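Peer 1: Next up is a structure, given as structure tokens.
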Amino acid sequence: MIPPMVMWFKVQWFGMWIPLFLLWPIVLVLLVLLLPLAFLGMAIAGRLSKFWVVLRIILASYSMICSMRGLQIEIQKENSTLEIYLP
Amino acid sequence: MTTATSNTAAGTDRESESPMTSERRQILEMLSAGKISADEAERLLQLTSGGGSTGSANATAVTTTMAQILDPKFIRVIVEPDHTATGNHARHHVNVRVPLKIIRAGVNLASLIPNDAGNMVQDSLLSKGYKGDLSKLDASALDELIEALQELSIDATVDNHLVKVFVE
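Protein chains in written order, with this note's numbering: chain A, 1434 to 1520; chain B, 408 to 575.
Next up, the structure:
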């Protein structure tokens, strides 16, 4: 499973490709740094079971993001335009 | 004797039939089994009949289209103004393509919602007229839902707009 690497976003006349591939390494680094801290914090608080729930939520969110590949939204109403495309 | 001879001849014919003929047979069998609609069968038969492409290119196109029909990947929602819609303010264009995988991933994510938050979501859905119970949507129900969605095709006219919903 690979998350979307770029996203086309257009509002009115302004459209641009957003490089999501720059975002994922930052998210990964944050997770690697924060997860051990969260694990320690929850272990000290005696709520380690919650840590596994958090871990499952992170994995499910990742799966959700990956499954968004192919999503395409184009809406034109009066003079407004919104386009989102995740190839 | 004649029957035996003709049966043998038919068997030989079947063995020596071209891949394209076997594909046409497969399409017709799927149509008779109700796995595909008449429109889809027509589309596939047109692909098998050629149209300038080479045999292998045609076979690939047929296989790809068949896979798309039998295993659709997206729900498409299209809204276009019909000929009676007048004025710029009344004309809306919507083209949304949602991957079916999102449904499965969404249900997995929703199963992790704590009970209290889940009840709030359920109440909110009830207030908007949705009477289903999301907590009862398990893996088998989800498979049934996705299978049912594969046969989904809606054509409607709402407020001078043509609305089409289908899977592809």
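Note that the Cβ used here is the ideal one computed from N, Cα and C, for glycine as well. All values derive from a computational prediction rather than experimental measurement.
Could you pull out every residue in the same chain whose Cβ sits closer than 7 Å to the Cβ of Pro1452(A), ignoring the five residues on either side in sequence?
Peer 2: The residue labelled residue 1452(A) in the question sits at position 19 within the first sequence. For Pro1452(A), where only same-chain residues beyond five positions count, the Cβ hits under 7 Å are Val1439.
Peer 1: For the region 426-453 of chain B, list every residue whose C-beta sits within 8 Å of some C-beta in chain A, in sequence order.
Peer 2: Within the region 426-453 of chain B, contact with chain A at the beta-carbon level (separation under 8 Å) is assigned to no residue.
Peer 1: Between Gln557(B), Glu558(B), Ala555(B) and Pro506(B), which lies nearest to Pro1437(A) when the distance is taken from Cα to Cα?
Peer 2: Translated into the one-based positions of the first sequence, residue 1437(A) becomes position 4. The shortest Cα separation from Pro1437(A) among Gln557(B), Glu558(B), Ala555(B) and Pro506(B) belongs to Pro506(B).
Peer 1: For Ala563(B), which three-state DSSP category applies?
Peer 2: Mapped onto the second sequence, residue 563(B) falls at position 156. Note: Ala563(B) maps to strand in three-state DSSP.
Peer 1: Quick one: what does DSSP say Gly459(B) is sitting in, helix, strand or coil?
Peer 2: As a position in the second sequence, residue 459(B) is number 52, starting the count at 1. Bear in mind that a pLDDT of 49 at Gly459(B), under 50, signals an unreliable position, so the model cannot answer this.
Peer 1: Would you tell me roughly how many angstroms separate the C-alpha atoms of Leu1463(A) and Trp1450(A), rounded to the nearest one?
Peer 2: Residue 1463(A) sits at position 30 when you count from the first residue of the first sequence. Residue 1450(A) sits at position 17 when you count from the first residue of the first sequence. The alpha-carbon atoms of Leu1463(A) and Trp1450(A) are separated by roughly 24 Å.
Peer 1: Just checking, does the region 1497-1516 of chain A make contact with the region 508-527 of chain B on the three C-beta pairs under 8 Å criterion?
Peer 2: yes
Peer 1: Would you list, in sequence order, the uninterrupted alpha helix (DSSP H) runs of no fewer than 4 residues that lie entirely inside the region 1474-1512 of chain A?
Peer 2: 1481-1499
Peer 1: Find the residues of chain B that neighbour Gly1503(A), judging by a C-beta separation of less than 8 Å, and give them in chain order.
Peer 2: Taking the first sequence and counting its residues from 1, the one referred to as residue 1503(A) is at position 70. Going along chain B in sequence order, the residues near Gly1503(A) (Cβ under 8 Å) are Lys480, Phe481, Arg504 and Pro506.
Peer 1: To which residues of the same chain is Gly459(B) closer than 6 Å at the C-beta, ignoring the five residues directly before and after it?
Peer 2: Mapped onto the second sequence, residue 459(B) falls at position 52. Because the pLDDT of Gly459(B) is 49, which lies under 50, any placement of that residue in the model is unreliable, and the question is left without a value.
Peer 1: Where DSSP assigns a beta bridge to Leu1515(A), which residues make up the other side?
Peer 2: In the first sequence, the residue the question calls residue 1515(A) occupies position 82. DSSP output for Leu1515(A) lists Val1444(A) and Ile1508(A) as bridge partner(s).
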